[in-house]
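Here's the structure we're looking at; comments come further down.
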Amino acid sequence: MTFKIAPVICSIVSFIQHPVGPTEIDLQKYSGKWYVIGTIPTRYDKDWNYITETYTMRSDGDIDIYTTYRKKGDKEIKDLKSKGFPISEQNNLKWKVQFIWPFKVDYLIEELADDYSYVVVGHPKQKFLYIMSRNPQMDTTLYASIVERCHQKGYDIAKIRKPLQ
640 MTFKIAPVIC SIVSFIQHPV GPTEIDLQKY SGKWYVIGTI PTRYDKDWNY
690 ITETYTMRSD GDIDIYTTYR KKGDKEIKDL KSKGFPISEQ NNLKWKVQFI
740 WPFKVDYLIE ELADDYSYVV VGHPKQKFLY IMSRNPQMDT TLYASIVERC
790 HQKGYDIAKI RKPLQ
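Here the sequence shown stands for residues 640 to 804, numbered as in our numbering.
Spelled out as structure tokens, the structure:
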């Protein structure tokens with residue numbers, strides 16, 4: 640009997656330690672300003688600091704994304720406008736994001752706090768990663784646990800950098 644119960648207990652403990660990603664995104668709650676706390680950057684944003692992303696719902700269901708940042712060594716704040724296309728059939732967990740027409744990039748909401756205080760946005764093939772918070776700073780224990788879960792999902796955490804905030 641002990642041998643039959645042990646696997647069940649192990650899987651429960653594993654589930655508690657490694658939460659499953661969100662099942663649905665409320666785009667109204669998701670809207671607003673986010674601070675990038677950690678990132679596996681793309682070649683375009685590898686030198687960015689003080690990164691924020693503001694998501695605004697449009698009446699057509701798409702999302703306007705307004706990104707601000709400063710390049711390393713610059714004092715000037717720069718911005719970038721893009722557009723998000725949440726895929727409702729995927730409960731808004733998968734998006735296409737367009738920075739330059741007509742090209743779109745796959746986005747995947749990997750993890751989202753129940754209270755929408757932080758989010759982890761990644762790529763289906765782990766090409767990039769953004770750990771974002773509603774505040775410019777994140778509790779170090781929480782950050783470390785998020786990074787560990789990203790590692791378990793296949794992200795190369797050695798590539799994660801913490802931009803200045």
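For glycine and all other residues, C-beta sits at the position ideal for the given N, C-alpha and C.
Predicted, not measured: the structure shown is a model, and the values here were computed from it.
Asked: Proximal residues to I648 (C-beta, below 6 Å), its chain only, five neighbours per side dropped; Found: With a pLDDT of only 41 at I648, under the threshold of 50, the placement of this residue in the model should not be trusted, and no figure is reported.
Asked: Run of the alpha helix (DSSP H) containing Y782, from where it starts to where it stops; Found: 779 to 791
Asked: Identity of the residue in D754, K710, Y769 nearest D686 by Cα; Found: K710
Asked: Alpha-carbon spacing of E728 relative to E749, whole angstroms; Found: 16 Å
Asked: Nearest-angstrom Cα separation, counted from I796 out to P601; Found: Residue 601 is absent from the structure shown; the chain starts at 640 and stops at 804.
Asked: Bridge partner(s) assigned by DSSP for P725; Found: W734
Asked: Residue span of the beta strand (DSSP E) that contains Y755, given as start and end; Found: Here Y755 belongs to no beta strand (DSSP E), and DSSP marks it neither H nor E.
Asked: Assigned exposure category for N731 - 16 Cβ within 10 Å defines buried; Found: buried
Asked: L666, enclosing alpha helix (DSSP H) - first and last residue; Found: 666 to 669
Asked: Which residues DSSP lists as bridging T695, in chain order; Found: D703
Asked: Under 9 Å between C-beta atoms of P802 and Y689; Found: yes
Asked: Nearest neighbour of K722, chosen from K766, R697, A752 [CA to CA]; Found: R697
Asked: Helix, strand or coil at S650 according to DSSP, with G and I counted as helix; Found: At S650, the pLDDT of 39 sits below 50, so the modelled position is not reliable and the matter cannot be decided from this model.
Asked: Other residues of its chain near V744: CB distance less than 6 Å, five sequence neighbours each side excluded; Found: V736
Asked: Simplified DSSP state of I748, which is helix, strand or coil; Found: strand
Asked: Extent of the continuous beta strand (DSSP E) run through L768; Found: 768 to 772
Asked: Any 3 or more C-beta pairs closer than 8 Å across the region 673 to 684 and the region 772 to 787; Found: yes
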